[in-house]
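Here our numbering is used: position 12 in the sequence shown is 12, and no number is missing along the way.
Yeah, the Cβ is synthetic: ideal placement off N, Cα and C, and Gly gets one too.
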Amino acid sequence: MSLLLRRPPGREAYPGDVFYLHSRLLERAAKSSSSLGEGSMTALPIVETQSGDVSAYIPTNVISITDGQIFLSADLFNAGIRPAINVGISVSRVGSAAQIKAMKQVAGKSKLELAQFAELEAFAQFASDLDKATQNQLARGQRLRELLKQSQSDPLTVEEQIATIYTGANGYLDPLEIGQEVGISRLFCYKHIAKVEAVNIEVSFMSEQASLYFGSIGLLGEYSPTSRKRFRLSYESLFGCMHHEPVRRVSQKFGSCYCNQHLTAAWPPRMKQHC
Numbered sequence: 001m002s003l004l005l006r007r008p009p010g011r012e013a014y015p016g017d018v019f020y021l022h023s024r025l026l027e028r029a030a031k032s033s034s035s036l037g038e039g040s041m042t043a044l045p046i047v048e049t050q051s052g053d054v055s056a057y058i059p060t061n062v063i064s065i066t067d068g069q070i071f072l073s074a075d076l077f078n079a080g081i082r083p084a085i086n087v088g089i090s091v092s093r094v095g096s097a098a099q100i101k102a103m104k105q106v107a108g109k110s111k112l113e114l115a116q117f118a119e120l121e122a123f124a125q126f127a128s129d130l131d132k133a134t135q136n137q138l139a140r141g142q143r144l145r146e147l148l149k150q151s152q153s154d155p156l157t158v159e160e161q162i163a164t165i166y167t168g169a170n171g172y173l174d175p176l177e178i179g180q181e182v183g184i185s186r187l188f189c190y191k192h193i194a195k196v197e198a199v200n201i202e203v204s205f206m207s208e209q210a211s212l213y214f215g216s217i218g219l220l221g222e223y224s225p226t227s228r229k230r231f232r233l234s235y236e237s238l239f240g241c242m243h244h245e246p247v248r249r250v251s252q253k254f255g256s257c258y259c260n261q262h263l264t265a266a267w268p269p270r271m272k273q274h275c
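Pasting the structure below:
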């Protein structure tokens, strides 16, 4: 192609000015001043890699210009992990500066834990004897990965994301079997009930307090130590009931979940009919 264009070929036979072409294209993404009518344009370049090689010429060119990249892996997609994001290669130069404070506090170590879990999982395939700490890390990583799976056209609000990640990052799902955490996340994210209404009466919020609590996360972007303690007690009460004398019940709405009389007694009537 370079020879047909009568240009000297550069790296990997691409034209020598391909970097200039990329930067000139991406520089069109800008924010207009009020004198020019305001508004903004965001560039989202999509690059197809060859056999997942992110170090090729074109991917590295685009990566050096943009503010980060999301690397989608075909292997993860075929394994049923959706969205199929490779956490180890995906990078954001903006990072936590784009997150609200509550999300920073809850999900600060999740990316590192997922990357370490992926390395341990590959190592565990060849290792026959694993210590208890490694087994616990693998178990938590598996549940956190299942928890982060998302169906198509099924977005979650920031408040629901925080509540969902909190359960996995703090080990509340560790005693559950693989696959049951999906039902738990659906239970918490059910749109027609208060998010923390299904907890033990002694430490539960009233529905108005729960709505105000989750609303404050969305408005203020953070939560105080007092609210964080109440949040922790609510989860400990809920999952403590679920792990004590569990009775298996199957629900089409929430998937497979564990309930008992102490837990369901605190549930609103519209939730009891689903579990």
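Cβ-based burial, Y172 [other Cβ within 10 Å; buried from 16]: The count along the sequence shown starts at 1 and reaches residue 172 at position 172. Buried, because 16 or more other Cβ atoms sit within 10 Å of the Cβ of Y172.
Alpha-carbon spacing of L212 relative to E160, whole angstroms: Here residue 212 is taken as the residue at index 212 of the sequence shown, counted from 1. Here residue 160 is taken as the residue at index 160 of the sequence shown, counted from 1. Bear in mind that a pLDDT of 44 at L212, under 50, signals an unreliable position, so the number given afterwards is only what the model happens to contain. The alpha-carbon atoms of L212 and E160 are separated by roughly 14 Å.
M206, DSSP secondary structure in three states: As a working note, residue 206 is residue 206 in the sequence shown. In this prediction, M206 has a pLDDT of 32, which is less than 50 and means its spatial position is unreliable; what the coordinates show is noted afterwards. Coil at M206, not helix or strand.
Sheet register partners of S92 (DSSP bridge): Here residue 92 is taken as the residue at index 92 of the sequence shown, counted from 1. Looking at the DSSP assignment, S92 forms a beta bridge with G68.
Residues near L138 by beta carbon distance below 8 Å, same chain, minus five either side: The sequence position of residue 138 within the sequence shown is 138, counting from 1. So the list reads F117, L120, E121, A124, L130, once near-sequence residues are dropped.
Opposing strand residues paired with S40 [DSSP bridges]: Position 40 of the sequence shown, counted from the first residue, corresponds to residue 40. BP columns for S40 point to K31.
Contacting residues, own chain, Cβ-Cβ under 8 Å from V87 (five flanking each side not counted): Position 87 of the sequence shown, counting from 1, holds the residue named residue 87. K111, L114, A115, A118, listed in sequence order.
Which listed residue (P9, E177, L147, F126) has its alpha carbon closest to that of A163: Residue numbering aside, residue 163 sits at position 163 when the sequence shown is read from its first letter. The option with the nearest alpha carbon to A163 is L147.
Through-space distance from R11 to S2, alpha-carbon basis: Walking along the sequence shown from the start, residue 2 turns up at place 2. Walking along the sequence shown from the start, residue 11 turns up at place 11. Distance between the alpha carbons of S2 and R11 is about 11 Å.
Through-space distance from P15 to I85, alpha-carbon basis: Position 85 of the sequence shown, counted from the first residue, corresponds to residue 85. Position 15 of the sequence shown, counted from the first residue, corresponds to residue 15. Roughly 31 Å between the two C-alpha positions.
Contacts around S32, its chain only, beta-carbon distance under 6 Å, and the 5 residues preceding and following it disregarded: For the purposes of this step, residue 32 is taken as residue 32 along the sequence shown, with counting starting at 1. Correct list, in chain order: E38, G39.
Buried versus exposed call for A43 [16 or more other C-beta atoms within 10 Å across all chains shown]: What you label residue 43 is simply residue 43 of the sequence shown in a count that begins at 1. The residue is exposed, with fewer than 16 neighbouring Cβ atoms inside 10 Å.
Pair within 8 Å by beta-carbon distance, P45 and T60: If you number the sequence shown from 1, residue 45 lands on position 45. If you number the sequence shown from 1, residue 60 lands on position 60. It is not a contact, given that the beta carbons lie outside the stated cut-off.
Beta-carbon spacing of V94, F71 below 8 Å: On the sequence shown, residue 94 is found 94 positions in, with the first residue counted as 1. On the sequence shown, residue 71 is found 71 positions in, with the first residue counted as 1. No, the pair does not count as a contact, with Cβ atoms beyond the cut-off.
Rounded C-alpha distance that separates K104 from S96: Within the sequence shown, numbered from 1, the residue matching residue 104 stands at position 104. Within the sequence shown, numbered from 1, the residue matching residue 96 stands at position 96. The straight-line gap from Cα to Cα measures roughly 6 Å.
Cβ neighbours of A169 in the same chain (closer than 6 Å, five flanking residues each side left out): Numbered from its first residue, the sequence shown carries residue 169 at position 169. These residues qualify, in order along the chain: S110.
Closest by C-alpha distance to P175, when choosing among T157, S153, P155, L144: Counted from its first residue, the sequence shown places residue 175 at position 175. The shortest C-alpha separation from P175 is found at L144.
When V47, S34, A74, V62 are compared against R24, the one with the closest alpha-carbon: Residue 24 sits at position 24 when you count from the first residue of the sequence shown. For the residues V47, S34, A74, V62, the minimum Cα distance to R24 belongs to V62.
Cut-off 6 Å between Cβ atoms - residues of its own chain near G52, not counting five sequence neighbours on either side: Indexing the sequence shown from 1 puts residue 52 at position 52. If we look at G52 and ignore the five residues flanking it on each side, it has no Cβ neighbours.
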